[in-house]
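Protein sequence lines correspond, in order, to chains L and X. For the first sequence, position 247 (counting from the first letter as 1) is numbered 247 according to full-length UniProt numbering, and the numbering increases by one without interruption. For the second sequence, position 194 (counting from the first letter as 1) is numbered 194 according to full-length UniProt numbering, and the numbering increases by one without interruption. Even for Gly, the Cβ is constructed at its ideal location relative to N, Cα and C.
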Amino acid sequence: MLPLSIKDDEYKPAKFNLFVKLSGWFRSILADKTSRNLFFFLCLNLSFAFVELMYGIWSNSLGLISDSFHMFFDCTALLAGLAASVISRWRSNDSFSYGYVRAEVLAGFVNGLFLIFTAFFIFSEGVERALEPPDVHHERLLPVSIAGLLVNLVGIFVFQHGGHGHSHDGEGHGHSHSLFNGSVGHGHSHGGHGHSHESKHGHDHGHDHGHSHGGHGHSHDDPHCHDDHSHTPGKGSSKQILQGVFLHIVADTLGSVGVIISAILMQKYDLMIADPVCSMLIALLIGVSVVPLLRESIGILMQRTPPSLDHALPECYQRVQQLQGVYNLQEPHFWTLCTDVYIGTLKLLVAPDADSRWILSQTHNIFTQVGVRQLYVQVDVAAM
Amino acid sequence: MDEKYSSNVISSGKLGRVEAPDARLTRYIVLLYFTKLMKAFGIFESYDLLKVVHIVQFLFILKMGCAMILVFFQKPFSSGKMIPKRQWIKIFKHAVMSCVISLLGFFGLTLCGPLRTLLLFEHSDVVVISLLSVLFTSSGGGPSKTRGAALFIIAVICLLLFDNDDLMAKMAEHPEGHHDSALTHALYTGIAFLGVADHKGGVVLLVLALCLKVAFNTASRKLSVEIGGAKRLYALSNLVSAVVLLPWVIVLSATTESKVESWSGLILPFAMIIFSVMILDFYVESICTAKLETSRCARYGSIFLFLSGLLLANFWTHPLTDQLRVISKPGQQSSTEHVLSGGVLVSACFFIMADSILSAPSSKGQKGTLVGYSPEGTPLYNFMGDALQHTSQSLPRFIKDSLKQILEEYDSRQIFYFLCLNLAFTFVELFYGVWTNSLGLISDGFHMLFDCSALVLGLFAALMTRWKATRIYSYGYGRVEILSGFINGLFLMVIAFFVFVESVTRVIDPPNINTDMLTPVSVGGLLVNLVGICAFSHAHSHGASKGSCSGHDHGHSHHGHGHGSAEHSHGGHGHSHGGHGHSHGHGHSHGGGGGMNANMRGVFLHVLADTLGSVGVIISTLLIKQFGWLIADPICSLFIATLIFLSVIPLLKDACEVLLLRTPPENDKELNFALEKIQKIEGVLSYRDPHFWRHSASVIAGTIHLQLMSDVVEQRVIQQVSAVLKDAGVNNLTIQLEKEAYFQHMSGLSTGFHEVLTMTQQMESMKYYKDGTCIM
Chain L
1 MLPLSIKDDE YKPAKFNLFV KLSGWFRSIL ADKTSRNLFF FLCLNLSFAF
51 VELMYGIWSN SLGLISDSFH MFFDCTALLA GLAASVISRW RSNDSFSYGY
101 VRAEVLAGFV NGLFLIFTAF FIFSEGVERA LEPPDVHHER LLPVSIAGLL
151 VNLVGIFVFQ HGGHGHSHDG EGHGHSHSLF NGSVGHGHSH GGHGHSHESK
201 HGHDHGHDHG HSHGGHGHSH DDPHCHDDHS HTPGKGSSKQ ILQGVFLHIV
251 ADTLGSVGVI ISAILMQKYD LMIADPVCSM LIALLIGVSV VPLLRESIGI
301 LMQRTPPSLD HALPECYQRV QQLQGVYNLQ EPHFWTLCTD VYIGTLKLLV
351 APDADSRWIL SQTHNIFTQV GVRQLYVQVD VAAM
Chain X
1 MDEKYSSNVI SSGKLGRVEA PDARLTRYIV LLYFTKLMKA FGIFESYDLL
51 KVVHIVQFLF ILKMGCAMIL VFFQKPFSSG KMIPKRQWIK IFKHAVMSCV
101 ISLLGFFGLT LCGPLRTLLL FEHSDVVVIS LLSVLFTSSG GGPSKTRGAA
151 LFIIAVICLL LFDNDDLMAK MAEHPEGHHD SALTHALYTG IAFLGVADHK
201 GGVVLLVLAL CLKVAFNTAS RKLSVEIGGA KRLYALSNLV SAVVLLPWVI
251 VLSATTESKV ESWSGLILPF AMIIFSVMIL DFYVESICTA KLETSRCARY
301 GSIFLFLSGL LLANFWTHPL TDQLRVISKP GQQSSTEHVL SGGVLVSACF
351 FIMADSILSA PSSKGQKGTL VGYSPEGTPL YNFMGDALQH TSQSLPRFIK
401 DSLKQILEEY DSRQIFYFLC LNLAFTFVEL FYGVWTNSLG LISDGFHMLF
451 DCSALVLGLF AALMTRWKAT RIYSYGYGRV EILSGFINGL FLMVIAFFVF
501 VESVTRVIDP PNINTDMLTP VSVGGLLVNL VGICAFSHAH SHGASKGSCS
551 GHDHGHSHHG HGHGSAEHSH GGHGHSHGGH GHSHGHGHSH GGGGGMNANM
601 RGVFLHVLAD TLGSVGVIIS TLLIKQFGWL IADPICSLFI ATLIFLSVIP
651 LLKDACEVLL LRTPPENDKE LNFALEKIQK IEGVLSYRDP HFWRHSASVI
701 AGTIHLQLMS DVVEQRVIQQ VSAVLKDAGV NNLTIQLEKE AYFQHMSGLS
751 TGFHEVLTMT QQMESMKYYK DGTCIM
């Protein structure tokens with residue numbers, strides 16, 4: 001008996017080679033602009049935290065140490081984003097038949113949750129402090145928070161532009177995943193390659209010139225990365241990751257701004273209440289700004305019908321039902337795989353004498369026009 | 001004046017948000033607001049006047065002035081038809097009634113103070129009528145009206161009970177000589193007879209007067225038509241009541257000496273009151289009722305009135321206005337002001353809410369969602385599903401329903417009981433903490449409360465899981481369970497991280513801990529949490545049976561390690577917890593779903609973490625007490641943080657896998673087997689894009705493309721394949737069949753380049769397969 005499916009022989013024990021793996025990760029991180037940005041910003045943040053920790057231990061200041069731990073915690077958000085942007089580029093395999101693209105939604109969700117937690121903690125702390133304002137010694141606070149603000153400002157600039165550049169990459173990427181799997185995907189990525197490469201080329205040029213920020217010295221990598229781009233099928237991390245990370249950085253920035261303002265207020269006017277009020281305000285701001293991200297990602301994770309299709313779908317159902325021979329349309333499920341990739345399943349009840357192939361292709365056509373990339377239509381023939 | 005304009009702006013801004021009236025209506029609404037402000041102003045003023053002027057005199061002057069102005073403007077005698085004698089009698093009755101009501105109202109004003117009078121007395125008829133219809137008829141107009149009535153009653157009760165107004169207590173011990181008329185005395189004795197305190201008597205009086213006023217307004221509607229317009233009736237009635245009051249006033253001023261030094265100083269305030277309370281309000285209200293709808297007018301009117309009443313009550317006692325009044329009326333004692341209290345504020349809020357609900361027109365037409373267009377072109381609406389879910393529901397019924405739902409199923413019942421236990425413990429702790437004034441206990445209580453949020457989340461998720469699928473959430477809400485488990489897990493991770501950091505800083509610099517209070521509290525917490533563990537571990541055994549290899553949280557949960565089926569966990573469950581006896585319901589509820597419940601696992605882990613925390617506190621307290629090792633505390637918490645961290649990881653991993661749409665690991669083998677079987681079905685060339693993923697505990701969705709030979713009956717293949725996959729556990733399946741001709745169709749249609757490319761590739765692979773089958 002010949003094995004008819006090729007699935008059986010893929011259970012190879014993975015050879016664990018740390019170095020190879022690490023370098024592979026590293027390369028894949030550097031391959032994409034978003035993850036590269038994330039990575040460098042993570043490095044910047046981590047080094048800042050380490051410097052702070054070292055200085056804190058050296059000068060034996062508890063405040064600095066705890067602040068550095070807070071920075072580490074912040075880094076987890078970046079780390080999550082980075083991991084997601086790497087993971088989402090993994091190929092789909094047997095178990096994960098859709099690939100790992102959902103990781104980006106998940107990362108956005110996790111980031112949003114973390115932010116909510118942080119906002120909550122800050123808020124409760126603020127309330128506590130408003131009830132009995134503690135003595136804050138603000139000598140050391142100002143320089144540290146200004147430095148943190150600078151770091152975060154860099155992050156804001158980087159990610160704002162990163163988000164723009166990649167906002168429409170999702171399509172090409174989703175394309176490659178949704179319609180083709182395995183070996184077929186290769187063929188496609190070749191086909192689509194010319195197109196996506198060109199657009200990306202333009203983008204990268206524009207951005208890297210403006211924003212590589214001189215001091216980092218990774219401008220060398222860029223031409224190399226262009227080559228990488230052409231190898232990997234067009235992938236860009238979606239807006240979910242970016243939005244999450246961006247929000248996180250904005251929250252941090254707001255935090256440092258708040259600390260600076262309250263430190264100044266406390267120094268100049270002795271307004272001890274300024275600190276808790278500032279932190280409560282910031283917590284509220286963070287909480288409010290996170291809500292849309294959370295709502296969106298929860299919707300995606302719960303397989304909600306994509307909001308952008310909400311209005312288009314009834315019309316499509318209508319058109320499908322008007323096709324000749326279609327009696328009824330049952331169990332329509334539409335959901336979002338990742339940004340801009342919509343998947344749908346339908347069951348059509350058709351007349352016994354209907355041309356099911358024609359109906360099938362017409363249905364595909366109708367839904368492709370609204371943007372449903374991957375459609376499964378089961379044609380059931382009505383019993384007469 | 002300044003403040004008036006600013007509040008004008010504010011109110012119109014709010015209107016824009018609420019209903020966005022067009023510009024012309026906005027004008028009327030602003031006018032209405034201005035009038036209501038004036039009216040509130042007038043009522044505050046008249047409260048001050050009533051301290052010096054006798055109530056009957058006051059009323060007489062009001063009616064008299066009003067009648068003079070109205071007769072001058074309205075000309076009731078010269079215009080319109082003659083009024084027969086019979087109607088004069090009616091008008092007389094009308095006037096007497098209105099006198100009585102105004103007397104009651106103003107008497108209530110002297111008892112309760114202006115703000116409370118505004119809140120109680122100045123409701124429009126629409127509100128009161130719908131309130132009464134809710135209270136005394138069976139069909140009140142739906143749950144929202146019931147809610148409004150409940151709010152109204154709560155507001156009145158708030159005024160009665162929670163309004164500790166000092167002045168009213170003072171007035172309760174009134175000397176006998178205080179009463180200066182028979183009427184006042186009668187009312188006082190009446191109130192005393194009812195057995196309530198004075199200001200409460202005032203509240204009751206005002207409510208009664210309100211009801212009377214509404215009944216009176218309704219009854220006089222017919223008369224006003226007969227007379228020829230409400231305005232004419234109003235003018236005539238005012239005139240007649242002034243005439244009726246005249247003899248009384250004469251007798252009164254003859255028998256008692258007035259407290260008023262100079263009447264001339266009072267002319268201005270009287271004119272002001274007459275203008276604002278009696279005339280302007282009447283005219284503007286009638287205009288607005290004509291221009292806007294009645295309900296809207298009533299709603300805005302009362303809301304504006306309350307708001308401006310609150311505003312004025314805030315500023316009336318202000319020194320500046322006080323000074324102004326002292327200048328205009330010297331000899332006025334200003335100590336007897338009714339202060340703003342919390343009860344009044346709360347009840348004002350409730351009144352505003354109640355009014356806006358009660359005066360809302362009862363909407364019969366419900367909104368549906370547009371589904372599409374029928375072949376004839378008429379729009380089709382969907383009234384089921386989401387539209388019905390968003391309709392307002394009566395609160396008690398909602399609570400009852402959700403309680404029933406909670407108690408229906410094992411999981412949610414368990415969470416609910418534990419939540420109640422936890423909350424009870426927390427409140428005991430909080431109360432004890434407040435009582436003994438111990439900050440540590442209070443903060444611990446708040447921490448417990450915070451922990452309860454995880455339970456609440458779990459409970460909510462357990463409820464939500466059972467919601468029906470809607471058009472938007474076409475797979476149902478089953479995913480909530482996994483999301484909630486995921487969130488709980490993440491939450492625990494964050495907590496563990498913070499505990500870790502905190503204990504690291506404490507290892508470096510161990511603080512002195514006050515250990516006296518800790519032990520009993522943490523022992524109590526431990527007991528509560530142990531109960532929780534016992535309750536949940538059972539559910540957890542189901543969850544863990546799925547092959548999570550957590551290394552730490554067992555003792556109860558480690559049976560069935562690595563086995564995928566429900567049977568195993570049944571066995572393990574019997575073995576570990578013989579005494580529970582819930583096995584039936586639970587096994588049943590999970591029979592279809594393969595036994596995965598991330599939600600319960602998350603809750604369980606949370607409780608476990610809490611337990612570990614209390615154990616750690618107890619151990620470290622003992623160590624510190626016995627040996628004085630201050631370092632024990634941070635080390636304990638380090639250890640616990642690590643434990644929590646490690647025990648959460650499997651949960652997170654599983655939840656992530658589900659969220660990432662992994663093929664369910666426990667069905668992996670069966671699915672592979674099923675796919676092999678599908679290959680062997682007659683007529684099937686190959687399959688493509690097999691996607692199987694778990695949506696929730698009970699739903700595994702799957703999609704697959706099948707390539708068929710061109711001469712097969714499609715329906716039979718669909719049936720066979722779906723039977724095979726259903727055996728493998730997939731219960732939401734879509735199969736797309738493709739024959740060779742399909743690709744030609746697709747490529748002939750307006751499909752893009754990529755699609756054509758794949759088509760050709762597919763065709764090639766199909767050829768290959770065809771060859772393969774031919775060889776075979």
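Point to revise | Span of the beta strand (DSSP E) around ILE343/L | key: Looking at the DSSP string, the run of the beta strand (DSSP E) that includes ILE343/L is 341 to 350.
Review point. Can you tell me whether DSSP reads ILE472/X as helix, strand or coil?
Key: Looking at ILE472/X - three-state DSSP - the assignment turns out to be coil, as it is neither helix nor strand.
Point to revise | alpha helix (DSSP H) runs contained entirely in the segment 51 to 119 of chain L, provided each spans 4 or more residues | key: The segment 51 to 119 of chain L contains these whole alpha helix (DSSP H) runs: 62 to 87.
Review point. Would you say GLY112/L and LEU293/L are within 8 Å of each other, going by their C-beta atoms?
Key: Yes, these two residues count as a Cβ contact at 8 Å.
Practice item. Please go through the same chain and pick out, in chain order, the residues whose beta-carbon is closer than 8 Å to the beta-carbon of LEU119/X, but skip the five residues on each side of it. Key: Hits under 8 Å: ALA155, LEU159, PHE306, GLY309, VAL344, SER347, ALA348 and PHE351.
Exercise for review: Sort out for me which residues DSSP pairs ASN328/L with in a bridge.
Suggested key: DSSP, once it has assigned bridges, lists LEU349/L as partnering ASN328/L.
Check your understanding: Would DSSP call TRP88/X helix, strand or coil?
Key -> TRP88/X falls in the helix class under three-state DSSP.
Check your understanding: Exposed or buried, what is TRP88/X when buried is set at 16 or more other beta-carbons lying within 10 Å of its beta-carbon?
Key -> Per the 10 Å Cβ criterion, exposed.
**Study point:** Within-8 Å CB hit, LEU113/L to chain X
**Key:** Yes, its Cβ sits closer than 8 Å to a Cβ of chain X.
**Study point:** Nonlocal neighbours in the same chain, by C-beta distance under 6 Å from SER722/X, ignoring five residues either side
**Key:** Correct list, in chain order: LEU733.
Check your understanding: Measuring CB to CB, does SER46/X end up less than 8 Å from ILE267/X?
Key -> Their beta carbons are not under 8 Å apart, which means SER46/X does not touch ILE267/X by this criterion.
Check your understanding: For TYR342/L and chain X, any beta-carbon pair shorter than 8 Å?
Key -> Not an interface residue.
**Study point:** Test: LEU660/X CB closer than 8 Å to a CB of chain L
**Key:** Chain L, which has a Cβ nearer than 8 Å to the Cβ of LEU660/X, makes this yes.
Review point. Rounded to a whole number of angstroms, what is the C-alpha to C-alpha distance between ASP654/X and ALA728/X?
Key: About 20 Å.
**Study point:** Where TYR55/L meets chain X, residues with beta-carbon distance less than 9 Å
**Key:** Listed along the chain, the chain X residues whose CB falls inside 9 Å of the CB of TYR55/L amount to none; the nearest CB is some 15 Å away.
Exercise for review: List the residues of chain L whose Cβ lies closer than 7 Å to the Cβ of LEU490/X, in chain order.
Suggested key: The contacting residues are VAL110 and LEU113.
Check your understanding: Is TYR269/L buried or exposed, if buried means 16 or more other CB atoms sit within 10 Å of its CB?
Key -> Label assigned to TYR269/L: exposed.
Review point. What's the C-alpha gap between GLY616/X and PHE123/L?
Key: In a straight line, the C-alpha of GLY616/X is about 28 Å away from that of PHE123/L.
**Study point:** Test: TYR300/X CB closer than 8 Å to a CB of chain L
**Key:** Against chain L, the CB of TYR300/X has no partner CB under 8 Å away; the residue lies outside that interface.
Point to revise | Straight-line gap, GLN720/X to VAL110/L (C-alpha atoms, nearest Å) | key: Their Cα atoms are separated by approximately 42 Å.
Review point. Can you find a C-beta in chain X that's less than 8 Å from the C-beta of ASP32/L?
Key: Among the residues facing chain X, ASP32/L is not included, as its CB has no counterpart in that chain under 8 Å away.
Practice item. Count the other C-beta atoms from every protein chain shown that fall within 10 angstroms of the C-beta of ILE101/X, then say buried if there are 16 or more, exposed otherwise. Key: ILE101/X counts as buried, since no fewer than 16 other beta carbons sit within 10 angstroms of its beta carbon.
Exercise for review: Compare the C-beta of ALA103/L against all C-beta atoms of chain X and say whether one is closer than 8 Å.
Suggested key: Taking 8 Å as the CB threshold, ALA103/L lines the interface with chain X.
Practice item. Could you tell me whether any Cβ in chain X is nearer than 8 Å to the Cβ of SER85/L? Key: Chain X, which has no Cβ nearer than 8 Å to the Cβ of SER85/L, makes this no.
Review point. Is it right to say ASP508/X is buried, meaning 16 or more other beta carbons lie within 10 angstroms of its own, or is it exposed?
Key: The sequence as given places Ile at residue 508/X; Asp does not occur at that position. Counting the other Cβ atoms within 10 Å of the Cβ of ILE508/X gives fewer than 16, which makes it exposed.
Exercise for review: Quick one: measure Cβ to Cβ for VAL684/X and GLY702/X, integer angstroms, because I've assumed they're closer than 8 Å.
Suggested key: Actually they are not in contact, since the Cβ atoms of VAL684/X and GLY702/X sit about 16 Å apart, beyond 8 Å.
Exercise for review: Examine chain X for any beta-carbon lying closer than 8 Å to the beta-carbon of SER237/L, and answer yes or no.
Suggested key: Confidence is the limiting factor: at SER237/L the pLDDT is only 45, short of 50, which leaves the residue's position unreliable and the question unanswerable from this model.
Check your understanding: For TYR477/X, does the three-state DSSP call read helix, strand or coil?
Key -> Judged by DSSP in its simplified three-state form, TYR477/X adopts coil rather than helix or strand.
**Study point:** Partner residues on chain X for ARG129/L, Cβ-Cβ distance less than 9 Å
**Key:** Here the premise fails: no neighbours, minimum Cβ distance about 13 Å.
Practice item. For the segment 385 to 453 of chain X, list the beta strand (DSSP E) runs that are entirely contained and at least 3 residues long, ordered along the chain. Key: As far as the segment 385 to 453 of chain X is concerned, it has no whole beta strand (DSSP E) run of at least 3 residues.
Practice item. Select from CYS112/X, GLY489/X and ASN672/X the residue whose C-alpha is nearest the C-alpha of LEU652/X. Key: Nearest option by C-alpha distance: GLY489/X.
Exercise for review: Could you run through the segment 434 to 448 of chain X and flag, in chain order, every residue whose CB is less than 9 Å away from some CB of chain L?
Suggested key: Per Cβ criterion, the list reads SER443 and PHE446.
Point to revise | Beta-carbon spacing of GLY458/X, GLY602/X below 8 Å | key: In this structure, GLY602/X lies closer than 8 Å to GLY458/X by Cβ.
Review point. Checking contacts by CB at 8 Å: is GLN736/X closer than that to chain L?
Key: Cβ-Cβ to chain L under 8 Å: yes for GLN736/X.
Review point. To which residues of the same chain is VAL257/L closer than 7 Å at the C-beta, ignoring the five residues directly before and after it?
Key: Setting aside the 5 residues that flank it on each side, VAL257/L is surrounded in the same chain by LEU149, each with a C-beta closer than 7 Å to its C-beta; the list follows chain order.
Review point. What's the gap between the Cα of GLU293/X and the Cα of TYR300/X?
Key: In this structure, the straight-line span from the alpha carbon of GLU293/X to that of TYR300/X is close to 11 Å.
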